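Okay, so here's the structure we're looking at.
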Amino acid sequence: MTVTYTANVSTSRLLSNFLRLLFRWRGSIYKLVWADLIVFLGLYLILAITYRLFMNDATRKAFESVATYCYTHASLIPLSFVLGFYVSIVMTRWWAQYTTIPWPDSVATLVSSSVHGFDDRARAMRRTILRYVCLCQVIVFTMISPSVKKRFPTYDQIIEAGLLQENEKNIIATLDLAFPHYPKHWMPIVWAASIVMRARKENKIRDDYAVKSIIDELNHFRGQCGFLLYYDWVSVPLVYTQVVTLATYTFFLCSVIGQQWIENPRSRTATNKIDQYFPIMTVLQFFFYMGWLKVAESLINPFGEDDDDFELNWMIDRNLAVSYLIVDEMHQDHPELLKDQYWDEVFPNELPYTDESKRQGPPEASTAKLVASKTPVAESRKAIENVMQRSGSTSTFISWSTSEILRMRNHNMNNSRVTFRDINSNLKVKPAASLNLEELIEQRHRERSERLRHRFLNMRSNQRPSSSGRYKVTVLRPPSPRSSDLGSQPISEGEEEHEQAHTRAMSHYLSLPVSLADRCAVCAAANATVECPARESAPYWKSGLGLVLFLALARFVVRAH
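First residue of the sequence shown? That's 80 in my numbering, and the numbers climb one at a time after it.
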């Protein structure tokens, strides 16, 4: 079974919780690496003793040149990259195989709630369906796990365990002779599905939807068992495993020679007295890299007999016991229905705590303490007033105010009224001749509301019944300002053409703001006195520029008078 240490690291402490885990033996890295480490140290010591005691000068020089070459070129092996990528693949595959293992709990719950009856016939149906489900899993486990195969080497041991009957064994043996090259793990699922159909015919299952649900669960269970076989048949590519193994052992073969202490005064180890007695860093490097490789070796097949492999024999015992408990002992049985503790309160405000588990408070959103910054209206007015004071001519006012108004256009309408009123007061002209922009803005709101009202009325009046069927088709035709003003009075051919232009424009641009200074060519040609929605096709920057030009022109006319 996988070695667990979750309880030891549940809460962080002053000293690292992981330090306590370093002294465990079962499932540890020491248990995997100690044999290879002894071989590595043995080779290292043999070469060191031979170099220092039994080699002459010529042989020493040759050995030193080989050691220098191995030390220099050992770094060319990308061991960290190869091992890291390989272990990542193995770890992902290891957890995926565990999540693929099927559990019969959902099948047992569905069978217990769908197959009704307390007689022996109904009870036998429920128990047999779940026995076949567990039998399918056992057959698959014997095909992929050495530990389960040792427990159930033949069908006779499965019969002794109570998962298989003698007549069922004969059927499987007959099919094995007829089709010897194909696994037969799916046969118990087929038998279980046949029992479900028989229960439906005998009215033990009262509706077809329950039959479909049980069959779907059986198929899902069979599919998960099939995926386990796929993981057993298709391993990590052998070429990649060979590359990782060769890279690791070649690297340490070079390290055994390249990390030797050399007496040559020009060598890298001449002033290093520690390696002369024991290669501490070399041993640590071997321990980490070889441990990395051993992790991949122990997890590449989690159905074996390593310390961190899955305990499939325990799963077999547990699944059969829980399945029989759900479909037999707990079948349509539950505790007595009573009023709960919070019956009169509807729901509890807070559940009780012990002294050791004080409540820390509800979770808080990460943006709960953030306050959105807003640009004060006074700063906006002050910026425009400063520009007005700096501008010495009309052209300067027009060029700078255009960019400023475009930058401030996202302010709400109330701020705009205050700003334009201050600009109007800064013009320093007679009150009778000053431009009342607030009144123009109010007029714009009234016109827009009127158009929306007429649009709603036309939507109701233009409903036509469909030629067939029960549905109605509504034709949406936005009204034009002239049609709302003239009502039902007859219009000329030119005005009718203008009405059509209005309709086309409003259908596309009714939701956009209308500039007071931007007039369309259609309205100008028809001498329209009401705003044309076709102007709204102009971009926002054109609307702002037109407004500024209109203000400058009004100021120039007032000064001329």
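Cβ atoms here follow ideal geometry from the backbone N, Cα and C, with glycine treated the same way.
Keep in mind the model is a prediction, meaning the values are calculated, not measured.
Would you say residue 243 and residue 268 are within 7 Å of each other, going by their C-beta atoms?
Residue mapping note: residue 243 aligns to position 164 of the sequence shown, counting from 1. Residue mapping note: residue 268 aligns to position 189 of the sequence shown, counting from 1. Against a cut-off of 7 Å, the Cβ pair of residue 268 and residue 243 comes out as no contact.
For residue 146 versus residue 333, is the C-beta distance shorter than 7 Å?
Taking the sequence shown and counting its residues from 1, one reaches residue 146 at position 67. Taking the sequence shown and counting its residues from 1, one reaches residue 333 at position 254. No, these two residues do not count as a Cβ contact at 7 Å.
Return the CA-CA distance between residue 175 and residue 304, expressed in angstroms with no decimal places.
Indexing the sequence shown from 1 puts residue 175 at position 96. Indexing the sequence shown from 1 puts residue 304 at position 225. Looking at the two C-alpha atoms, the distance is approximately 13 Å.
Hey, residue 387 and residue 82 are a contact pair by Cβ (cut 8 Å); roughly how many whole angstroms apart?
By 1-based counting over the sequence shown, the position of residue 387 is 308. By 1-based counting over the sequence shown, the position of residue 82 is 3. About 6 Å; that satisfies the 8 Å criterion.
Contact criterion: CB-CB distance below 7 Å. Does residue 637 meet it with respect to chain C?
Here there is only one protein chain, and chain C is not present.
Using the Cβ count rule (16 or more neighbours within 10 Å means buried), how would you classify residue 104?
Translated into the one-based positions of the sequence shown, residue 104 becomes position 25. Exposed, because fewer than 16 other Cβ atoms sit within 10 Å of the Cβ of residue 104.
Please look up how many angstroms separate the CB atoms of residue 381 and residue 182, rounded, as I've assumed it's under 8 Å.
To locate residue 381, count along the sequence shown from 1; it is residue 302. To locate residue 182, count along the sequence shown from 1; it is residue 103. Not quite, the Cβ-Cβ distance comes to about 17 Å (not below 8 Å), so this is no contact.
Where does residue 246 sit, in a helix, a strand or coil, going by DSSP?
Residue numbering aside, residue 246 sits at position 167 when the sequence shown is read from its first letter. In the structure shown, residue 246 sits in a helix (DSSP, three-state: H, G or I).
Quick check on the DSSP output: the alpha helix (DSSP H) that includes residue 228 runs from which residue to which?
Along the sequence shown, one-based indexing puts residue 228 at 149. Its alpha helix (DSSP H) spans residues 225 to 230.
Suppose contacts are defined by Cβ-Cβ distances below 7 Å. Is residue 421 in contact with residue 427 by that definition?
Taking the sequence shown and counting its residues from 1, one reaches residue 421 at position 342. Taking the sequence shown and counting its residues from 1, one reaches residue 427 at position 348. Closer than 7 Å, so yes.
By Cβ distance below 6 Å, which residues in the same chain neighbour residue 338 in space, the five residues on each side in sequence not counted?
As a first step, residue 338 is located in the sequence shown; it is residue number 259 there, counting from the start. Answer for residue 338: 358, 361, listed in chain order.
Give the secondary structure of residue 396 by DSSP, where H, G and I count as helix, E and B as strand, and everything else as coil.
The residue labelled residue 396 in the question sits at position 317 within the sequence shown. In the structure shown, residue 396 sits in a helix (DSSP, three-state: H, G or I).
Which residues bound the alpha helix (DSSP H) around residue 267?
If you number the sequence shown from 1, residue 267 lands on position 188. Counting along the chain, the alpha helix (DSSP H) containing residue 267 begins and ends at 266 to 280.
With the cut-off set at 7 Å, would you say residue 187 and residue 445 are in Cβ contact?
Looking up residue 187 in the sequence shown gives position 108. Looking up residue 445 in the sequence shown gives position 366. No, the Cβ-Cβ distance between residue 187 and residue 445 is not below 7 Å.
Considering just the uninterrupted stretch of the alpha helix (DSSP H) at residue 321, what are its terminal residues?
Translated into positions along the sequence shown, residue 321 becomes position 242. Note, residue 321: alpha helix (DSSP H), 317 to 337.
Touch check for the stretch 312 to 323 and the stretch 234 to 252: three-plus C-beta pairs under 8 Å?
No, the stretch 312 to 323 does not touch the stretch 234 to 252.
Thinking residue 311 and residue 222 are a contact (beta carbons under 8 Å), I'd like their distance in whole angstroms, please.
The residue given as residue 311 occupies position 232 in the sequence shown. The residue given as residue 222 occupies position 143 in the sequence shown. Confirmed, Cβ separation roughly 7 Å.
Can you tell me whether residue 233 is helix, strand or coil according to DSSP?
One-based indexing of the sequence shown puts residue 233 at position 154. Residue state, collapsed to three classes: coil.
For residue 552, does the three-state DSSP call read helix, strand or coil?
Counted from its first residue, the sequence shown places residue 552 at position 473. Low confidence applies to residue 552: its pLDDT is 44, below 50, so where it sits in the model is not reliable, and the reading given next is rough at best. Strand.
For the stretch 363 to 373 against the stretch 114 to 132, do three or more pairs of beta-carbon atoms, one drawn from each stretch, fall closer than 8 Å, so that the two count as touching?
Flag = yes, the stretch 363 to 373 and the stretch 114 to 132 touch.
Under the assumption that residue 202 contacts residue 412 (Cβ atoms under 8 Å), give the Cβ distance between them as a whole number of angstroms.
The count along the sequence shown starts at 1 and reaches residue 202 at position 123. The count along the sequence shown starts at 1 and reaches residue 412 at position 333. Incorrect: roughly 13 Å between the Cβ atoms, too far for contact.
Starting from residue 153, trace the alpha helix (DSSP H) in both directions and tell me its first and last residue.
Residue mapping note: residue 153 aligns to position 74 of the sequence shown, counting from 1. Looking at the DSSP string, residue 153 is not in any alpha helix (DSSP H), and its letter there is neither H nor E.
Roughly how many angstroms lie between the CA atoms of residue 210 and residue 399, to the nearest whole one?
One-based indexing of the sequence shown puts residue 210 at position 131. One-based indexing of the sequence shown puts residue 399 at position 320. Roughly 7 Å separates the two Cα atoms.
Would you tell me roughly how many angstroms separate the C-alpha atoms of residue 90 and residue 96, rounded to the nearest one?
What you label residue 90 is simply residue 11 of the sequence shown in a count that begins at 1. What you label residue 96 is simply residue 17 of the sequence shown in a count that begins at 1. Rounded to the nearest angstrom, the two C-alpha atoms are 8 Å apart.
Which residues mark the beginning and the end of the alpha helix (DSSP H) in which residue 119 is found?
The residue given as residue 119 occupies position 40 in the sequence shown. Run containing residue 119: 108 to 128, per the alpha helix (DSSP H) assignment.
First and last residue of the alpha helix (DSSP H) that includes residue 306?
The residue labelled residue 306 in the question sits at position 227 within the sequence shown. 287 to 312 is the span of the alpha helix (DSSP H), which, as asked, contains residue 306.
Determine the direct distance from the alpha carbon of residue 440 to that of residue 159, and round the result to whole angstroms.
The sequence position of residue 159 within the sequence shown is 80, counting from 1. The sequence position of residue 440 within the sequence shown is 361, counting from 1. One C-alpha to the other measures close to 45 Å.
Mind checking residue 216: buried by the 16 CB within 10 Å criterion, or exposed?
Position 137 of the sequence shown holds residue 216. When all chains shown are included, residue 216 counts as buried.
For the alpha helix (DSSP H) that residue 443 lies in, which residues bound it at each end?
Residue mapping note: residue 443 aligns to position 364 of the sequence shown, counting from 1. Careful: residue 443 lies outside any alpha helix (DSSP H) and carries neither H nor E.
Go to residue 370, then tell me how far its alpha helix (DSSP H) extends in each direction, as first and last residue.
Sequence index remark: in the sequence shown, residue 370 carries index 291 (1-based). Start and end: 359 to 378.
Along the alpha helix (DSSP H) that carries residue 189, what are the first and last residues, could you check?
Taking the first residue of the sequence shown as position 1, residue 189 is located at position 110. Its alpha helix (DSSP H) spans residues 184 to 193.
Measure the alpha-carbon distance for residue 450 versus residue 536 and round it to whole angstroms.
Locating residue 450 in the sequence shown gives position 371, counting from the first residue. Locating residue 536 in the sequence shown gives position 457, counting from the first residue. If you take the alpha carbons of residue 450 and residue 536, they lie about 44 Å apart.
Taking 8 Å as the limit between beta carbons, can you name the residues of its chain near residue 392, skipping five residues before and five after?
Along the sequence shown, read from residue 1 onward, the residue named residue 392 stands at position 313. Taken in chain order, the residues that qualify are 226, 227, 230.
So which of 144, 213, 248, 262 has the shortest CA-CA distance to residue 185?
As a working mapping, residue 185 is identified with position 106 in the sequence shown. Of the listed residues, the one whose Cα sits closest to residue 185 is 213.
When you compare only the Cα positions, how much space is there between residue 219 and residue 165?
As a working note, residue 219 is residue 140 in the sequence shown. As a working note, residue 165 is residue 86 in the sequence shown. Their Cα atoms are separated by approximately 27 Å.
When the Cα of residue 190 is compared with those of 134, 272, 253, which residue comes out closest?
By one-based count along the sequence shown, residue 190 stands at place 111. That would be 272, whose Cα lies nearest to the Cα of residue 190.
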